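Structure, as structure tokens:
4 protein chains.
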Amino acid sequence: MAGYTGSKDDYLKRLRRIEGQVRGIQRMVEDDTYCIDVLTQVSAITKALQSVSLGLLEDHVGHCVVGAARESDEAAEAKVREAADAIARLVRS
Amino acid sequence: MAGYTGSKDDYLKRLRRIEGQVRGIQRMVEDDTYCIDVLTQVSAITKALQSVSLGLLEDHVGHCVVGAARESDEAAEAKVREAADAIARLVRS
Amino acid sequence: MAGYTGSKDDYLKRLRRIEGQVRGIQRMVEDDTYCIDVLTQVSAITKALQSVSLGLLEDHVGHCVVGAARESDEAAEAKVREAADAIARLVRS
Amino acid sequence: MAGYTGSKDDYLKRLRRIEGQVRGIQRMVEDDTYCIDVLTQVSAITKALQSVSLGLLEDHVGHCVVGAARESDEAAEAKVREAADAIARLVRS
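If you want it as structure tokens, here you go:
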């Protein structure tokens, strides 16, 4: 079980929609669609992916970090460190 | 013709790779892969998409904005405004 | 006490350096320094501020969220929600 | 003269306000203000700085890149490359 297991179907639905949007951009590029319109679509996908990341992160902190906090100081520290690294990657991507 | 038309095949190759990565994340979620590993992959895709956006934007400025600048003040102004809006969307996504 | 209280001096030092960098940009603008050089400096400050945010966030999760997790389910849930909102603001800023 | 010279006073006003906000955060940290409230303020400054960057970038493209486009292909190419690098730094910061 992962932190997001309870919302698995919702994440899968969102990811399939994102996959379809990426295919949509391929068609736009094949058709030489105007650059700005392609860019608008790419920004929409980036936003959708970021929203998936934010959801996964909240599930992770709410389940895995909270669980570790109740286990031991060492477990909590390790999970907090790992979550902080993931947040940093997210902010910088 | 769009600003990126000369590099169309390269963009299509990158977008197909991104599509495959999105499918890969769906499999990770189906298998209840550890949250942090899924997040790392989503960040990698976001980075790849941003790199596509930056490329499209450079092509756009290099072709469409430069072209408009040589046409007239009004054309230049309109294209600069439009590019600035696209950059803002990109930075905020 | 806040989650970051133990590292207060370090944060204050970083924030004073950032304040100095913002003043530095004012001088650059007053001197009509080349746009790209001003932009490079603004990006450096944004990065420094983001690094302060990431530190505060890690301190917050490590102290306040972990503390709430050990208190009760309700306390944990409220702190996780609040942290998730702060992460979202950070990612979108 | 730089691309932003016409709006210099406006930029200086915004930068002075940002400087004041950075000082405000120092006071919050000195007073052990709750982490989330500090984070909200830091995000507000990051947003304000990004808005300065977006303005400088638009001024730069509208003046320097457009000017170079009217000068020569080589000048245009160099300025477009440089602007694209600045945009990439902005997106990744």
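Protein chains in written order, with this note's numbering: chain A, 1 to 93; chain B, 101 to 193; chain C, 201 to 293; chain D, 301 to 393.
For every residue, glycine included, the Cβ atom is placed at its ideal position computed from N, Cα and C.
Note that the structure is predicted; figures quoted are calculated from it, not measured.
Would you say residue i lies against chain C (beta-carbon separation less than 8 Å)?
i, result
"D/A386", "yes"
"D/V322", "yes"
"D/V380", "no"
Expressed to the nearest angstrom, what Euclidean distance is found between the alpha-carbon atoms of residue i and residue j?
i, j, result
"D/D337", "D/A368", "45 Å"
"B/S153", "B/L190", "8 Å"
"D/K379", "D/V322", "33 Å"
"D/R317", "A/V65", "38 Å"
"D/G335", "C/S207", "Strictly speaking, residue 335 of chain D in this sequence is Cys, with Gly absent from that position. In a straight line, the C-alpha of D/C335 is about 12 Å away from that of C/S207."
"A/V61", "C/S272", "15 Å"
"A/Y2", "D/E382", "Reading off the sequence shown, one finds Ala at residue 2 of chain A, where the question assumed Tyr. Rounded to the nearest angstrom, the two C-alpha atoms are 44 Å apart."
"B/D109", "A/T40", "20 Å"
"A/M28", "B/Y111", "11 Å"
"B/E174", "D/E374", "23 Å"
"C/R270", "A/R70", "6 Å"
Using a Cβ cut-off of 7 Å, pull out every chain F residue sitting near residue i, in sequence order please.
i, result
"C/K213", "Looking for chain F here will not work: the only protein chains present are A, B, C and D."
Starting from the Cα of residue i, find the closest Cα among the options and give me that residue.
i, options, result
"D/Y304", "D/H363, D/A375 and D/R317", "D/H363"
"B/Q126", "A/R81, A/V42, A/S43 and A/K13", "A/K13"
"A/I87", "A/G20, A/G6 and A/G55", "A/G55"
"C/G224", "D/E374, D/G324 and D/L315", "D/L315"
Looking at residue j and residue i, is the spacing between their C-beta atoms short of 8 Å?
i, j, result
"B/I149", "A/T33", "The identity of residue 149 of chain B in the sequence shown is Leu, whereas the question assumes Ile. Result no, Cβ atoms of B/L149 and A/T33 do not sit closer than 8 Å."
"D/S343", "C/S293", "yes"
"B/A184", "D/E358", "yes"
"C/E219", "D/E319", "yes"
8 Å is my cut-off, CB to CB: does residue i come that close to chain A?
i, result
"C/A244", "no"
"C/R270", "yes"
"B/E130", "yes"
"B/G155", "no"
"C/V238", "no"
"C/E274", "no"
"C/A283", "yes"
Would you please verify whether the beta carbon of residue i is less than 8 Å from any beta carbon of chain B?
i, result
"D/L349", "no"
"A/R89", "yes"
"D/E358", "yes"
"D/G362", "yes"
"A/G67", "no"
"A/E77", "no"
"A/G3", "yes"
I want to check one thing, is the minimum distance from the CB of residue i to the heavy atoms of the ligand GTP below 7 Å?
i, result
"A/I25", "Summarising the ligand content, the structure contains no ligands, and the ligand GTP is consequently not present."
Segments assigned alpha helix (DSSP H), at least 4 residues, entirely inside the segment 127-185 of chain B: Along the segment 127-185 of chain B, the alpha helix (DSSP H) occurs as fully enclosed runs of 4 or more residues at 135-160 and 166-171, listed in sequence order.
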